[in-house]
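Notes follow the structure.
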Amino acid sequence: MRRALRDPQAVLWLDMQQPTEMEYSLLDDVFGFHPLAIEDSIKYSQRPKIESYDHVGDINRQGYFYMVVHGPDQKGHRQGVQTMEMDLFMSQRYLVTIHDDELKTIDELAQRASADARMVLETGIDMLLYNILDHLVDYYEPILEYLQESIDDLEERAMASPTPQVLHGISIKKRELLNLRRIVGPQREVIAQLTRGEVPFIRESTRTYLRDVQDHLIRVVEMVELYRDLIMGARDIYLSSISNNLNQIMKTLTIISVVALPFTVVTSFFGMNFESIPGLHSPLAFWAVVVVMIIAMTIMLYLFHKKRWF
Amino acid sequence: MRRALRDPQAVLWLDMQQPTEMEYSLLDDVFGFHPLAIEDSIKYSQRPKIESYDHVGDINRQGYFYMVVHGPDQKGHRQGVQTMEMDLFMSQRYLVTIHDDELKTIDELAQRASADARMVLETGIDMLLYNILDHLVDYYEPILEYLQESIDDLEERAMASPTPQVLHGISIKKRELLNLRRIVGPQREVIAQLTRGEVPFIRESTRTYLRDVQDHLIRVVEMVELYRDLIMGARDIYLSSISNNLNQIMKTLTIISVVALPFTVVTSFFGMNFESIPGLHSPLAFWAVVVVMIIAMTIMLYLFHKKRWF
Amino acid sequence: MRRALRDPQAVLWLDMQQPTEMEYSLLDDVFGFHPLAIEDSIKYSQRPKIESYDHVGDINRQGYFYMVVHGPDQKGHRQGVQTMEMDLFMSQRYLVTIHDDELKTIDELAQRASADARMVLETGIDMLLYNILDHLVDYYEPILEYLQESIDDLEERAMASPTPQVLHGISIKKRELLNLRRIVGPQREVIAQLTRGEVPFIRESTRTYLRDVQDHLIRVVEMVELYRDLIMGARDIYLSSISNNLNQIMKTLTIISVVALPFTVVTSFFGMNFESIPGLHSPLAFWAVVVVMIIAMTIMLYLFHKKRWF
Amino acid sequence: MRRALRDPQAVLWLDMQQPTEMEYSLLDDVFGFHPLAIEDSIKYSQRPKIESYDHVGDINRQGYFYMVVHGPDQKGHRQGVQTMEMDLFMSQRYLVTIHDDELKTIDELAQRASADARMVLETGIDMLLYNILDHLVDYYEPILEYLQESIDDLEERAMASPTPQVLHGISIKKRELLNLRRIVGPQREVIAQLTRGEVPFIRESTRTYLRDVQDHLIRVVEMVELYRDLIMGARDIYLSSISNNLNQIMKTLTIISVVALPFTVVTSFFGMNFESIPGLHSPLAFWAVVVVMIIAMTIMLYLFHKKRWF
Amino acid sequence: MRRALRDPQAVLWLDMQQPTEMEYSLLDDVFGFHPLAIEDSIKYSQRPKIESYDHVGDINRQGYFYMVVHGPDQKGHRQGVQTMEMDLFMSQRYLVTIHDDELKTIDELAQRASADARMVLETGIDMLLYNILDHLVDYYEPILEYLQESIDDLEERAMASPTPQVLHGISIKKRELLNLRRIVGPQREVIAQLTRGEVPFIRESTRTYLRDVQDHLIRVVEMVELYRDLIMGARDIYLSSISNNLNQIMKTLTIISVVALPFTVVTSFFGMNFESIPGLHSPLAFWAVVVVMIIAMTIMLYLFHKKRWF
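Residue numbers (the numbering used here), protein chains in the order written: chain V, 296 to 605; chain F, 296 to 605; chain R, 296 to 605; chain G, 296 to 605; chain H, 296 to 605.
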């Protein structure tokens with residue numbers, strides 16, 4: 296590798312997956328990166344960022360960039376939204392990519408590169424960077440679909456059966472959206488710096504391609520904002536479904552209590568032990584009372600029906 | 296077409312509706328557009344944007360612009376708000392418009408152009424662009440009216456009969472507004488770039504006309520913001536109508552329970568089997584008790600009436 | 296008029312109220328305004344804006360400005376907030392004002408001008424513009440007062456009697472505020488362009504006066520923002536008054552149900568047909584039971600009173 | 296005074312408390328201020344602002360500034376938050392302060408100045424301005440403390456006894472905060488203009504002092520923002536206390552209704568007039584029924600206790 | 296110290312913990328700091344800020360900076376979030392740190408410095424500043440963890456047992472977050488001024504290190520924003536848990552009332568004293584009535600179960 300770095304014609308791509316400590320030491324020994332950048336590349340849970348460094352004490356190298364980007368977890372996005380960090384060191388002539396998980400993106404590109412090394416050489420380090428970023432960002436698409444589906448599902452369940460589980464689901468989904476926004480927002484800014492030409496060795500023609508990656512990220516940010524509004528709507532629906540259910544319950548209670556009322560009033564009236572209550576000894580009076588009670592109940596039910604209570 | 300492009304005096308307008316793959320290949324073969332722009336024009340659901348490209352390897356052409364704009368669906372806007380994408384490639388001497396659905400705008404202009412080709416030639420490609428954009432934007436007007444009406448309708452129904460369907464309608468309308476804002480916001484920015492003179496072959500005089508299109512879009516954005524506030528107000532009205540209904544139900548229940556109370560207390564008192572309850576054997580006492588019960592109920596009803604419960 | 300326009304010393308003020316089509320044609324024939332500006336001046340419901348135009352083909356005129364401003368309706372502001380559009384064309388030597396309704400502002404100034412034409416000539420077109428704008432903006436004051444009063448009134452009614460009418464009133468008031476903000480916001484921007492010196496023929500000394508108009512508009516915007524916060528507060532008060540009423544109702548229901556309880560329990564106990572219930576034959580037992588019931592009720596009432604339920 | 300103004304060495308401080316019309320005329324006659332500035336200084340309820348004016352027709356004076364600042368009412372801040380307007384005219388050699396109420400700040404400084412006029416002369420007009428502003432702003436501290444205390448108090452009362460009075464108090468406090476923010480926000484901007492060096496005769500060394508005043512105002516703005524969040528929290532607590540109370544009431548009602556249920560069921564069962572109800576003639580059966588009722592009630596109470604309903 | 300300050304080679308670090316008045320006087324006598332900066336360093340509860348001062352009357356010193364930063368309280372962060380102020384005066388050749396509480400950061404660095412004074416000399420004042428700030432900021436990490444845990448805990452408790460204590464906890468946590476944001480926001484701005492190179496004697500290489508501190512602070516700000524959203528979510532869960540509980544209570548009440556209804560209706564029917572009620576004398580009728588009551592109750596329970604009420 297040292298030889299490759301010394302050769303002004305050589306182009307080097309080093310990919311490290313879950314690097315051991317020894318492999319990390321390469322960053323210092325061979326490339327001579329800044330200790331802070333190496334420290335950041337070892338620690339995980341960094342925000343997306345891009346930083347330029349000068350090579351100390353080595354004139355013919357023109358400085359390098361350290362970049363942190365996040366891509367969606369490419370394995371099982373159905374369990375929730377998770378992002379995966381990738382650290383990149385790049386200069387005009389080399390690219391170092393460090394990541395923890397296996398990446399289909401990288402694997403495919405690596406196979407193509409090993410099959411035809413010239414392809415990578417001819418398109419240049421900046422197009423390689425574009426290919427990696429483009430593939431990484433493409434994986435946001437299934438995540439957005441998954442979020443769309445789960446929000447639709449939550450909204451439906453909030454309408455049909457507003458159990459506390461639905462609210463818990465809404466709360467978890469909101470947290471995922473907040474986390475996603477926290478990642479994608481600064482990432483867009485990082486790509487914007489690449490397209491704005493602040494990184495010298497990215498060619499004009501490559502910037503056109505990187506604008507495409509940026510467009511994709513802007514769309515992701517917009518969709519996350521949209522989903523946030525929708526999830527708040529799902530919460531509203533949930534809260535109002537609960538209120539609605541309460542109203543339904545109270546209506547039932549009230550209807551039944553009220554319909555039973557004429558019955559209760561009449562029967563307890565004739566349950567008094569006064570000797571002189573009229574009609575106690577007449578069968579006709581008894582049946583008249585029964586008929587009156589049934590009519591009263593029917594009127595009550597009719598009134599509630601007219602008020603659209605059931 | 297190749298000839299027309301080679302002729303420095305010619306002006307070319309190519310309109311493609313639901314182009315086949317072969318037709319798409321024209322973009323590459325004849326015009327030599329950038330592969331990314333062509334890819335974007337094939338894929339739908341692009342955000343409105345404008346991008347400048349240089350013509351590679353052909354000195355006498357001065358670069359071209361790729362633009363994505365959205366117009367309202369011009370067929371049946373009563374079913375909801377839908378937008379329709381149109382892709383444009385334009386340079387000083389040609390304009391390529393690509394769209395999926397039939398467009399009255401385009402049809403009318405095409406008829407006029409075929410009737411009098413000079414008219415288009417004389418006013419120039421930039422005025423043709425203005426005409427297309429102006430007609431496209433005009434169709435937002437019925438959408439705004441439709442939204443205004445449906446929000447007013449939702450507000451009324453939220454007041455009169457706050458069923459879950461109303462809340463669902465509010466949720467759908469909010470989604471439509473969010474989607475519309477997501478389209479019109481960046482579109483305004485695209486037109487602003489045209490009016491600010493960032494596109495070289497749009498003349499000063501045409502920019503005055505494009506300012507008019509931009510004014511129209513600003514109005515659409517403002518109305519969408521206004522409608523969002525109104526839809527939130529409709530939600531408030533809905534929630535408060537539900538609360539109000541609950542109060543009404545509880546009042547009914549309480550009034551009836553309470554009015555029945557003196558009756559229940561008195562009848563169950565005289566229902567006890569004590570031999571020594573005074574008055575059980577006197578008809579006078581019985582009627583006195585009946586009168587007392589009626590008076591008590593009347594007082595109760597009077598008190599509730601005074602409290603404005605019914 | 297043509298003569299006046301040709302005379303380099305003349306100053307012209309043309310005021311058109313509800314112009315006929317023929318009068319509108321003056322704008323094109325005599326002044327030669329841009330067709331888009333004329334179209335905008337004919338259509339109503341334009342947003343406040345200012346646009347500069349060049350005079351085509353006439354060198355000694357230095358361009359003109361087309362301005363849309365809104366003033367409050369000066370007739371019956373007690374029925375709600377309504378604004379009234381005024382279109383202005385102005386250049387160094389003339390001012391054209393177009394409006395639909397009768398304006399006291401214009402009438403007064405016109406009378407003064409006809410009485411002493413020199414006054415207008417001497418102060419210049421820019422001071423005339425200031426006078427019109429200043430008088431227009433002054434009429435916002437009674438609108439702000441009216442809004443303040445109606446919000447205070449709504450808040451009071453929301454506290455005292457939270458009927459759905461109050462909520463409807465709040466919703467209407469919010470809509471009025473949103474509409475007012477939508478007008479005054481861009482209008483402030485229009486005046487800001489005048490004071491910033493972007494319009495060449497407005498003199499430094501006049502700009503000092505226009506700053507006063509701008510101050511006034513900033514105050515209106517601030518008050519509208521404040522009222523929006525207050526109206527949201529009124530809504531909160533409304534919603535909480537409803538909750539409060541519900542609590543009051545439920546307390547009444549609960550107190551009455553619970554106070555009746557010892558009575559119900561005891562009377563139904565002695566209403567059982569067991570022969571062996573002790574005391575049924577003793578008058579002392581009867582009176583003892585009555586006393587126990589009264590004491591139990593008193594204790595219940597005392598407990599609720601201690602809990603501050605009534 | 297005219298003499299003092301003519302003397303290029305003299306420094307003049309004129310303080311006017313509740314000026315009469317004659318005193319106001321001094322502003323025009325002696326100082327020759329712009330009529331708009333004088334009009335603004337006569338009208339109250341101006342927003343804080345700073346405006347520069349040129350002296351017309353008098354070359355050796357270098358223009359002056361008109362400033363509106365607000366200070367807290369220094370008398371009885373316990374009745375609520377009120378601000379008090381002060382108008383200032385200042386140039387390199389004079390300072391005119393106009394205010395309605397008596398100001399301790401001004402009194403103290405005036406006494407010091409009359410005791411040792413040199414002190415004021417030596418430190419300069421700009422340090423005098425700093426002293427006035429610094430003392431004015433210091434009086435915000437007790438207001439912030441008062442607001443902190445009353446919000447804490449409201450929060451506590453919202454928790455303990457959520458009466459409508461508390462909500463009214465919250466609404467009033469919110470209005471006070473909105474008004475305070477409307478004053479302090481632009482005032483910060485006014486002081487910022489002084490520290491940024493936009494006013495020529497304020498020396499570099501004085502600007503260091505004015506930065507201190509600005510820091511103080513930024514703190515006030517931040518605290519007002521914080522209090523706004525806290526007052527919204529108090530509202531939340533209020534609303535949820537009401538809900539909580541309702542739950543408590545409903546629990547009480549439900550517990551009592553339900554605990555009475557086994558009693559009601561059993562006693563009404565044995566209250567039926569069937570001859571063949573078993574056990575009516577046996578004292579043992581009676582006592583067994585009583586025991587069963589007591590056990591059933593105990594079980595009910597135990598179940599509710601387990602559910603933590605009381 | 297005076298000697299050290301006069302020696303152009305010397306580097307001085309003065310740390311003052313809870314300085315006495317005499318120690319404070321050193322700031323004036325020896326260093327000659329500006330009285331306002333000294334006053335600010337004596338008063339506590341300053342906002343984070345950075346201010347540049349010139350040394351008056353001493354040419355070979357190049358000005359100094361006064362900085363206020365806040366670090367988390369390093370003692371017992373489990374009791375809540377508290378920050379601790381540190382005042383710094385720094386120039387090219389000295390650093391004065393003033394703080395109230397004992398700081399592990401300072402102690403460690405002081406021990407290292409006293410063990411090997413060269414270390415500090417060689418890395419320079421700016422790296423010493425970086426070390427202090429870096430250690431200070433590191434202590435935010437446990438605070439963020441503590442906040443994460445307590446929000447998770449509140450959310451869980453809001454779900455499981457929504458007592459008013461939970462709401463009080465939410466209110467306190469929100470206040471802590473608001474206070475933390477009020478501190479960390481301006482602090483980020485202070486560090487940003489250091490990294491942007493606005494402080495002349497901070498070297499390019501040190502700025503790379505300070506960027507790391509700034510990254511850390513941006514993360515803290517982002518997490519505080521995230522926690523604020525989460526705490527609002529916890530509040531939502533709390534409010535909805537209360538509603539849910541109310542629904543549960545009302546369901547219980549309604550079920551029990553309704554299930555008891557057929558019993559009440561039937562028993563009171565046969566409790567009437569009519570002689571002619573059929574079946575009173577037949578044991579078969581009695582048992583038939585009992586069976587009918589049990590069947591009616593079972594049907595009621597079955598219906599509620601089908602509606603998923605329990």
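Just so you know, even glycine gets a beta-carbon here, dropped at the ideal spot from N, CA and C.
Practice problem: Would you mind stating whether Ile572 (chain F) and Phe565 (chain F) have Cβ atoms separated by less than 8 angstroms? | Solution: Here Ile572 (chain F) is near Phe565 (chain F), since their CB atoms are less than 8 angstroms apart.
Quiz prompt | Pro557 (chain V) at chain H interface by Cβ criterion, 8 angstroms | solution = No, Pro557 (chain V) lies away from the interface with chain H (no Cβ there is under 8 angstroms from its Cβ).
Quiz item: Since His463 (chain F) meets chain V, which of its residues come closer than 8 angstroms, beta carbon to beta carbon?
Solution: By Cβ distance, chain V contributes Met454, Ile532.
Practice problem: Check whether the Cβ atoms of Asp429 (chain R) and Arg498 (chain R) sit closer than 8 angstroms, and answer yes or no. | Solution: Cβ distance not < 8 angstroms, so Asp429 (chain R) and Arg498 (chain R) don't count as in contact.
Quiz item: Tell me, which residues are paired with Pro367 (chain F) by DSSP?
Solution: DSSP output for Pro367 (chain F) lists F:Thr378 as bridge partner(s).
Quiz item: If you draw a straight line from the C-alpha of Met588 (chain H) to the C-alpha of Ser456 (chain G), how long is it?
Solution: So the two alpha carbons sit approximately 46 angstroms from each other.
Self-check item: Contact set for Ile354 (chain H): own chain, Cβ-Cβ below 7 angstroms, skip 5 residues either direction
Solution: Residue confidence for Ile354 (chain H) is low, a pLDDT of 46 falling below 50, so the modelled location carries little weight; the figure read from the coordinates is stated next. Cβ neighbours of Ile354 (chain H) within its own chain (closer than 7 angstroms, five residues either side excluded): none.
Quiz item: Just the Cα atoms here: how many angstroms apart are Ala332 (chain F) and Glu318 (chain V)?
Solution: The alpha-carbon atoms of Ala332 (chain F) and Glu318 (chain V) are separated by roughly 41 angstroms.
Exercise. Would you kindly work out how many angstroms separate the C-alpha atoms of Leu525 (chain G) and Leu431 (chain R), rounded to a whole number?
Key: Spanning the two alpha carbons is a distance of roughly 40 angstroms.
Quiz item: With a CB to CB cut of under 6 angstroms and the five nearest residues on each side skipped, what residues in its chain are close to Arg530 (chain H)?
Solution: In its chain, beyond the 5 residues on either side, Ile465 have a beta carbon closer than 6 angstroms to the beta carbon of Arg530 (chain H).
Exercise. Starting from Tyr504 (chain F), follow the alpha helix (DSSP H) in both directions and report where the run begins and ends.
Key: Element bounds for Tyr504 (chain F): 499-565.
Quiz item: CB-CB under 7 angstroms to Ser536 (chain V), same chain, minus the five flanking residues each way: which ones, in chain order?
Solution: Around Ser536 (chain V), the same chain offers Ala453, Met454, Pro457 as residues with beta carbons nearer than 7 angstroms, after the five sequence neighbours per side are excluded.
Quiz item: According to a CB-to-CB cut-off of less than 8 angstroms, which residues of the region 541-568 of chain V neighbour chain F?
Solution: Contact annotation: in the region 541-568 of chain V, residues whose CB is within less than 8 angstroms of a CB in chain F are Leu541, Asn542, Met545, Lys546, Leu548, Thr549, Ser552, Val553, Leu556, Thr559, Val560, Ser563, Phe564, Gly566, Met567, Asn568.
Quiz item: So, helix, strand or coil for Asn355 (chain R), using DSSP?
Solution: Summary for Asn355 (chain R): the model assigns pLDDT 48, below 50, so the residue's position carries little reliability, and this model does not support an answer.
Quiz item: Does the beta-carbon distance from Val461 (chain H) to Tyr533 (chain H) come in below 8 angstroms?
Solution: Taking 8 angstroms as the Cβ cut-off, Val461 (chain H) and Tyr533 (chain H) qualify as a contacting pair.
Quiz prompt | DSSP beta-bridge partners of Tyr339 (chain R) | solution = DSSP, once it has assigned bridges, lists no residue as partnering Tyr339 (chain R).
Practice problem: Report the neighbours of Gln380 (chain R) on chain F: residues whose CB is nearer than 7 angstroms to its CB, in chain order. | Solution: Note on residue identity: the sequence assigns Glu, not Gln, to residue 380 (chain R). What Glu380 (chain R) touches in chain F: nothing, since even the nearest Cβ is about 14 angstroms away.
Quiz prompt | Residue span of the alpha helix (DSSP H) that contains Ser386 (chain R), given as start and end | solution = Counting along the chain, Ser386 (chain R) falls outside any alpha helix (DSSP H), and DSSP gives it neither H nor E.
Self-check item: 7 angstroms CB neighbourhood of Arg483 (chain G) in its chain, flanking five on each side removed
Solution: Within the same chain, Arg483 (chain G) has close Cβ partners Gln509, Leu512, Ile513, Val516.
Self-check item: For Thr490 (chain F) and Leu383 (chain F), the rounded distance between their alpha carbons
Solution: One C-alpha to the other measures close to 17 angstroms.
Quiz item: Helix, strand or coil for Ser398 (chain V) per DSSP?
Solution: Contrary to the premise, residue 398 (chain V) reads as Leu rather than Ser in this sequence. DSSP, read as helix, strand or coil, puts Leu398 (chain V) in coil.
Practice problem: Compare the beta carbon distance of His329 (chain V) and Pro343 (chain V) with 8 angstroms and say whether it is the shorter of the two. | Solution: If you check the CB distance, His329 (chain V) and Pro343 (chain V) do not come in under 8 angstroms.
Quiz item: Quick one: Cα of Thr593 (chain F) to Cα of Thr559 (chain R), how far?
Solution: Computed Cα separation, rounded: 22 angstroms.
Quiz item: If we ignore side chains and look at the alpha-carbon of each, how far apart do Met362 (chain G) and Leu521 (chain V) end up?
Solution: It is roughly 45 angstroms from the alpha-carbon of Met362 (chain G) to the alpha-carbon of Leu521 (chain V).
Exercise. Pull up the distance between the alpha-carbon of Val376 (chain V) and that of Gln488 (chain V), whole angstroms please.
Key: Near 26 angstroms, if we compare the C-alpha coordinates of Gln488 (chain V) and Val376 (chain V).
Quiz item: By DSSP, does Glu493 (chain F) sit in helix, in strand, or in coil?
Solution: Correct three-state label for Glu493 (chain F): coil.
Practice problem: Can you tell me which of the three DSSP states Phe581 (chain R) falls into? | Solution: In the displayed model, Phe581 (chain R) falls within a helix according to three-state DSSP.
Self-check item: Pair within 8 angstroms by beta-carbon distance, Arg506 (chain H) and Glu334 (chain V)
Solution: No; because the gap between Cβ atoms is not below 8 angstroms, this pair is not in contact.
Quiz item: Do we get a CB-CB distance below 8 angstroms when we pair Arg483 (chain G) with the residues of chain R?
Solution: Chain R, which has no Cβ nearer than 8 angstroms to the Cβ of Arg483 (chain G), makes this no.
Exercise. Please determine, among R:Ser538, R:Asp396, R:Tyr359, the residue with the shortest C-alpha to C-alpha distance to Gly611 (chain R).
Key: This structure gives no information on residue 611 (chain R), because the portion of chain R shown stretches from 296 to 605.
Quiz item: Residues of chain G with a CB under 8 angstroms from the CB of Ile537 (chain H): which are they?
Solution: Within 8 angstroms Cβ-Cβ: Ser535, Ser538, Asn539, Asn542.
Self-check item: Leu270 (chain R) (DSSP reduced to helix, strand or coil)
Solution: Summary: the structure shown does not reach residue 270 (chain R), with chain R confined to residues 296 through 605, and so no result is reported for it.
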